[in-house]
Structures are given as structure tokens and as C-alpha cells.
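Once you know that position 96 of the sequence shown is 96 in the UniProt record's numbering, the rest is easy, because the numbers rise by one and skip nothing.
What follows is one structure encoded as C-alpha cells, with my remarks underneath.
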Amino acid sequence: MLLTLVLLAVAGCGGQAPPEERALPPVVSTELAAGKVVRLTEAGPVPNRLIAGPGDTITWRNESAKPRVVSLLDGTPPSKEIPPGGRYERAFPTSGTFAYRLDNAKKGTAGVIEINLPAVPGVPR
């Protein structure tokens, strides 16, 4: 009897249809505090999601042909206009997720800075 149930279970496994294939979500450009620099390109910020730790300073470097303004959505004042080749720096003393947009770029150009990595004694960030 047990052998019959096992055989039926095994036979039933082979007749099942494969799981439905699903498209993966688009890859988000992410960097783990890689130099703590966000490049402002014609296409938008690269990476558009950067992860760093409390106390880190993030630099937005304008590599586009037009001036850019970085506006954090946490209520802090926006950057001054960043000329081509210029940069803007901001320190993030506490953990959190900080969304920003580029005010004078194409619509929808935005990114996120995630401050969530604790400092490890003796390991430089």
C-alpha cells in the first residue's frame, strides 16, 4: 500500500506544468558607498540609489552639459546651481532614506540615498 502511494506521488510530479515565467523588475543602479559620489549625467543620477553610513558625506558631481540643482525631499534647502564639472556635498549624520530630485533636469529624474550602515571600529568607510 505504501509503495503504491509513493509511486502515485512520483508519477504525479512529472505531469505538472512548469511554473509560469515572470519578468524580473528592472535593475536599479546601486552602489555601496563607492567613493560616495553620485554622477549627474544627461540620463540622470548614476547610481540612482547609493548606500552609505551615518556620518558619510555624499558628493553629487555634475557630468552633464547643463547646470543642475539637487533637492532633497526631507525639507532641507536645495543645493545651489551646480555648473557642469561642479559638485555639491552633503553630510548625512543619521540613518534614514533620503529621496532627492534634480530640479532642472528631465521630468522624473530622481534618486535615493540610504544611510544605514553602522560604523565598524578600525574599518575605514
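Note that the Cβ used here is the ideal one computed from N, Cα and C, for glycine as well.
ask   = Comparing alpha-carbon positions, which option in Val112, Arg61 and Arg90 lies nearest Pro84?
value = If you number the sequence shown from 1, residue 84 lands on position 84. When only C-alpha atoms are compared, the closest one is Arg61.
Distance between Pro45 and Thr57 (C-alpha atoms, nearest Å) = Position 57 of the sequence shown, counted from the first residue, corresponds to residue 57. Position 45 of the sequence shown, counted from the first residue, corresponds to residue 45. Each residue's alpha carbon lies about 17 Å from the other.
query = Based on Cα-Cα distance, which residue from Ala43, Ile51 and Tyr100 lies nearest to Asn116?
reply = What you label residue 116 is simply residue 116 of the sequence shown in a count that begins at 1. Nearest option by C-alpha distance: Ile51.
request  = Would you check if the distance between the CB atom of Glu114 and the CB atom of Thr97 is smaller than 8 Å?
outcome  = Working through the sequence shown from its first residue, we reach residue 114 at position 114. Working through the sequence shown from its first residue, we reach residue 97 at position 97. In this structure, Thr97 lies closer than 8 Å to Glu114 by Cβ.
ask   = Cα separation between Lys107 and Gly55?
value = For this step, residue 107 is matched to residue 107 along the sequence shown. For this step, residue 55 is matched to residue 55 along the sequence shown. Going by the C-alpha atoms only, they are around 31 Å apart.
message = Can you tell me whether Leu73 is buried or exposed? The criterion is at least 16 other CB atoms within 10 Å of its CB, across all chains shown.
response = Reading the sequence shown from its first residue, position 73 is the one you call residue 73. With fewer than 16 other Cβ atoms within 10 Å, it is exposed.
request  = Please state if the CB of Ser71 and the CB of Glu42 are separated by a distance shorter than 8 Å.
outcome  = For the purposes of this step, residue 42 is taken as residue 42 along the sequence shown, with counting starting at 1. For the purposes of this step, residue 71 is taken as residue 71 along the sequence shown, with counting starting at 1. Cβ atoms of Glu42 and Ser71: not closer than 8 Å.
task = Please classify Thr41: does DSSP put it in a helix, a strand, or coil?
result = The residue labelled residue 41 in the question sits at position 41 within the sequence shown. The answer is strand: DSSP assigns Thr41 an E or B state.
message = Helix, strand or coil for Glu81? Go by DSSP, reduced to three states.
response = Locating residue 81 in the sequence shown gives position 81, counting from the first residue. Here Glu81 sits in coil by DSSP.
query = Candidates Val69, Gly111, Gly86 and Arg90: which alpha carbon is nearest Asp103's?
reply = For the purposes of this step, residue 103 is taken as residue 103 along the sequence shown, with counting starting at 1. The residue with the shortest Cα to Cα distance from Asp103 is Val69.
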